[in-house]
Every structure is written in structure tokens, then in C-alpha cells.
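Colleague: There's a structure below that I have some questions on.
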Amino acid sequence: MQVLVIGSGYVGLVAAACFAEAGHRVLGVDVDPRKIEALREGRSPIYEPGLDDLLTRHLASGSLRFGTDLKEGIALADAAFICVGTPQSEDGSADMKYVLAVAGELGEAMALRAPDAPPLVVVDKSTVPVGTAARVHAEIAARTSRAFEVVSNPEFLREGSALEDFLEPDRVVVGCRSDHAERVMKALYQPFLDRSGGVWFRMDPPSAELTKYAANAMLALRISFINEIANLAESVGADIDHVKAAIGADHRIGPAFLNPGPGFGGSCFPKDLQALLKVGREQGHPLMTLATTVEANRHQKQVLLRKVKEHFKVKPGVPAPLKGRRFALWGLAFKAHTDDIRESMALELIDGLLNLGAEVVAHDFAAMEAVKARIGSRIRYAATPLEACEGADALLIATEWPQYRQADLAAVGKVMKARKLFDGRNLFRPEAMEAGGWIYHSLGRRAVEGL
Ligand SMILES: NC(=O)c1ccc[n+]([C@@H]2O[C@H](COP(=O)([O-])OP(=O)(O)OC[C@H]3O[C@@H](n4cnc5c(N)ncnc54)[C@H](O)[C@@H]3O)[C@@H](O)[C@H]2O)c1
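Residue numbers (my numbering): 1 to 451.
Written out as C-alpha cells, the structure reads:
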């Protein structure tokens, strides 16, 4: 198959590389010429484990190319994937300007296809509100009489394990109206389903569009739920590790997504929830559970700062109450194994600490460049986790990089001013921290306050 992938961000790049891996011929397109230049040289503009290797191999074999103009690939394409961003608009809805602009470009470029070419399968892979397939169809149809069909094929990959998710999917969802479109999509995805034994779902486009939002909303809801139970566990003297293990053993519930954390962030959940809430309001079906999920998350994103303020006895109204205090911060990305800092809780934490007059020295395994570009020298950056802790009054953990779990805490404690750890990811057990002489605050377990 010949595939055009429009948008070379987290989703587009992974899709392009994986389709090339499956033996298809792929042209990846982006409007950002610097991205394309880097990609042509085999440098990935994003951090995603395994991606560099796939890019290098398939650039070398010639099955993967990159360019800035979708016209280069449209004549022979069997399918054109729209993978551009759908950020949040001011009113909460998904901003469709990039998707519709691509639809317009595709409509114009359709003239380059032979009149008897098979219908082009235009695929909405970006996360888009219900009804978008119809809007994209109208944009293209206004500009061409060549044959095409718009298909909804939402993406479920997780940053950090995106290649694995794409190459071995649990399921592939395809919202289409014709057998031709289904045949093309199956030819593209069958190698992945063969590997994973995943399920093929054919449905109508609106159902596919709603499936994506419903999946993200359900996952966000589980996170906010367990965070609230963890907060309650602390107050009543329960241990969330016991509670989550026991409820997760119920097959109706399952163990996934039951880890308490410092509030969800990232490029998807926050904006997708807002977009779904907006649709619900517009349709006269306000989604009350989701409104509460968003509210609970807003509260949770302050959880580490609240614990720090309480411990350091910060009183309201006192200017710069943490002046002279230095905080080491481990983790800047919104989760481990990515350099993505969109809606990262670490950024809110940094703001909160700086507003209280504190100094912050941060470390991350992939996201430091992104944070430097965003906030520059408002904080200091350390080359290693240990260096971040030198002279610190406390260590805060915001991202669950596995290397932090394996850190030599005895060595860390030696370079700090005081052995105090506020753990937003529950990487350690309170008993072990107590034995090591730490003051240790985590989520949903007893606090170790020291002597
Ligand atoms: N990131 C994720 O984990 C994830 C997972 C599932 C679904 N999604 C959805 O996929 C979509 C893309 O997300 P992303 O994280 O890859 O975004 P991104 O911001 O990383 O990438 C989007 C890319 O599209 C490019 N672009 C914009 N307009 C263009 C145009 N007219 N022609 C060509 N390229 C253009 C941008 O330059 C950018 O490189 C969003 O709708 C998102 O909600 C993302």
C-alpha cells in the first residue's frame, strides 16, 4: 500500500514508521520544515523509545520518506492519514482548524489523481469530535469530483510505549461506510493484528469518533477516582497499596489505572475531557461524572504542593515563605518515557514553589530541553538526579521514571541538607524510608514524620 501521513508529531511519526515497518511505502508530511529536515537526516524531533531505530532503517530502505508537501504523495496514495493536532479552543472544544486545513489541502491536491484511480481513503486519526468525518468530507468534496471516502480511525497509543501499542494493538477501530475503505484499512493493519491477536472493530464514523473520547474519559475517571480514595486513605489511616490490590483483583474492575498520582496531564486527557464535556453540554446531555473528574484532577495537581506547605508550615499572607529553601525536583514530563510536558503537573508544582519564594533544581531523563524552552532560567537544571539533590531541603518526585525507583537513596540523603522526600508517584514504601531515616510523604499511605 502507498500511504500518506499528514502531521509528523507523536502520532503521525509513529504511524508513518510503523506502516513502513509493515512493508508499506510511506510519505510523512509536516508544515514544519525544521522537523522535516531533521527527519530526513534520521533525527527524531521527539523522544519515543525505539523510534530512532525504525526511522533509520526505513529511511535507508527507501520505504519511508518525509516532505513538506502532501502533493508529492497524493497521486498514488491508497490512504491519507490526518494526524495533526486538535488543541483545546478557548471554549473547551477541540480546535479543528488544522484538521480542516489539511482537508482543504487534500481537496485541492485530488486533481493530481487519475480520474479512474480507486477512491482515496482519507483517515481521521487525530482525536476529533463526533461529526468530523462528515465535515472533512464536505471540505474535500467542495474542491474535487475525484473519488474518496472519509474514515474515522482513532489512535489509542500511549506516549512512552507508542511503538509497542501501534505494532501490537489491543484493537483497531475503523468507522467507515464502504467495503473498499474497510479492505484498504485491513490491508494496512492486518500485520499488526496478526502479531497481537487484537480485535478489529468496524463501525460507523460517529461511533468510532465517540469511542476515542469515551476511552480517554473512562481512563481519566479511574485515575481521579483512585486519587480521591488515596486522599481518603491517608485521613482514615488506610494504605492505598492494599486497597488498590484488593479492588483490582475483582475481574469486573481489573488492576490497570489504579495507581494514585499527582493528577493527570499530557496532551490528551485534559483537552479531550474538555471537548467531550462541551459536546455533552451542546447536546443537552451534560456529563456530570466527567465534570467532577476534571474538578478532582485540578485539586489533585496541587497535592504535592499542599503537602510541602503543610510540612514547612507555610502561612497564608506571608510573602515568599519558602525563601532560602531549595527543592530538588525529579521528573518534568507528564509521565515516564516521554519528553512531552504538555499539561505536566511538574510545571504547576514549579510555579507554586517559585511563587512561594523557593529555589528549584530539576532533573528529567528526556524533558529538560522542553522545559528549558518553556521557562528558561526560572529554575536550575541538573545533569543527574544526584546533582539535583545537592544542598536541597527536600526532594519532590513528579514523574515515575524507573531509574528514580532504583536510585541509591543513601547517597542521595548524604548530599541533601535534610532527608525529606515528597513522593508523588509512590516509588518507595514508607517502612523502608523510615528505616533509612527519611521524612517521607507519599499518596494514600501513612506519612513518615521522623522523630
Ligand atoms: N500524543 C498522543 O499520545 C496521542 C494519542 C492518541 C491520539 N492523539 C491525537 O492525535 C492528534 C495529533 O497529536 P500529536 O500528539 O501527534 O500532535 P503533535 O502536536 O505532536 O503533532 C502534530 C503535527 O502536525 C503538524 N501539522 C499541523 N498542521 C499541519 C498541516 N497542515 N500539514 C502537515 N502537518 C501539519 C504540526 O507541525 C505537528 O508536527 C491529536 O488530535 C491528538 O489528540 C495523540
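Note that CB positions come from ideal geometry on N, CA and C, so glycine has one too. Values in this document were obtained by computation on a predicted structure and should not be read as measured data.
Do the stretch 426–436 and the stretch 210–222 touch if we need at least three Cβ pairs shorter than 8 Å?
Modeller: These segments do not touch.
Colleague: Within the stretch 322–409, note down every full beta strand (DSSP E) run reaching 3 residues or more, in order along the chain.
Modeller: Here the runs fully enclosed are 326–330, 359–363, 394–397.
Colleague: On a Cα-Cα basis, can you pick out the residue from 272, 283, 39 that is closest to residue 29?
Modeller: Closest option to residue 29, Cα to Cα, is 39.
Colleague: For the alpha helix (DSSP H) containing residue 462, list its first residue and its last residue.
Modeller: Because the chain in this structure spans residues 1 to 451, residue 462 falls outside the shown range and cannot be described.
Colleague: Helix, strand or coil, according to DSSP, for residue 152 in the structure here?
Modeller: Strand.
Colleague: Straight-line CA distance for residue 20 to residue 160?
Modeller: Taking the straight line joining both Cα atoms gives about 20 Å.
Colleague: Mind listing which residues have their beta carbon within less than 6 Å of any non-hydrogen atom of ligand 1? Chain order is fine.
Modeller: The set, ordered by position in the chain, is 6, 7, 8, 9, 10, 11, 12, 29, 30, 31, 32, 35, 83, 84, 85, 86, 98, 101, 102, 126, 127, 155, 157, 159, 267, 268.
Colleague: Under DSSP, the beta strand (DSSP E) around residue 175 begins and ends at which residues?
Modeller: Element bounds for residue 175: 171–175.
Colleague: What are the start and end residues of each continuous alpha helix (DSSP H) run of 4 or more residues lying completely inside the stretch 111–159, in chain order?
Modeller: Runs found: 132–141.
Colleague: Looking at the strands, I want to know which residues DSSP matches up with residue 420.
Modeller: Per DSSP, 439.
Colleague: Per the DSSP calculation, residue 82 is bridged to which residue(s)?
Modeller: Bridge partners of residue 82: 6, 124.
Colleague: Distance check for residue 421 and residue 463, CA to CA, integer angstroms please.
Modeller: Coverage of the chain is limited to positions 1 through 451, which leaves residue 463 absent and any answer about it impossible.
Colleague: Beta strand (DSSP E) containing residue 203: first to last residue?
Modeller: That run of the beta strand (DSSP E) goes 199–203.
Colleague: If we count Cβ pairs, one from each stretch, closer than 8 Å, do we get three or more for the stretch 152–159 versus the stretch 331–344?
Modeller: Yes, the stretch 152–159 is in contact with the stretch 331–344.
Colleague: Do residue 151 and residue 122 have their beta-carbon atoms positioned less than 8 Å apart in this structure?
Modeller: Yes.
Colleague: Look at residue 274 and residue 92 and say whether their C-beta atoms are less than 8 Å apart.
Modeller: Result yes, Cβ atoms of residue 274 and residue 92 sit closer than 8 Å.
Colleague: What are the residues that DSSP puts in a beta bridge with residue 317?
Modeller: According to DSSP, residue 317 bridges with nothing at all.
Colleague: In the DSSP assignment, find the alpha helix (DSSP H) that holds residue 29 and state where it starts and stops.
Modeller: No alpha helix (DSSP H) contains residue 29, which is instead part of the beta strand (DSSP E) from 25–29.
Colleague: For the candidate residues 233, 257, 359, 376, whose alpha-carbon lies nearest to that of residue 389?
Modeller: The option with the nearest alpha carbon to residue 389 is 359.
Colleague: Along the beta strand (DSSP E) that carries residue 65, what are the first and last residues, could you check?
Modeller: Residues 64–67.
Colleague: Ordered along the chain, which non-local residues of its own chain (more than five positions away) have a Cβ less than 7 Å from that of residue 296?
Modeller: Excluding positions up to five away in sequence, the list reads 224, 227, 228.
Colleague: Can you give me the start and stop residues for the alpha helix (DSSP H) that residue 497 sits inside?
Modeller: Since the displayed the chain opens at 1 and closes at 451, residue 497 lies outside it and no answer follows.
Colleague: If you check the beta carbons only, do residue 397 and residue 425 fall under 8 Å apart?
Modeller: Contact: yes.
Colleague: Quick check: the Cα distance between residue 180 and residue 260, rounded to an integer number of angstroms?
Modeller: Distance between the alpha carbons of residue 180 and residue 260: 45 Å.
Colleague: Spell out a yes or no on whether the stretch 133–153 and the stretch 167–176 are touching, meaning 3 or more CB-CB pairs, one atom from each, closer than 8 Å.
Modeller: They touch, by the three-pair rule.
Colleague: Would you say residue 441 and residue 323 are within 8 Å of each other, going by their C-beta atoms?
Modeller: It is not a contact, given that the beta carbons lie outside the stated cut-off.
Colleague: Tell me, which residues are paired with residue 246 by DSSP?
Modeller: None; residue 246 has no bridge partner.
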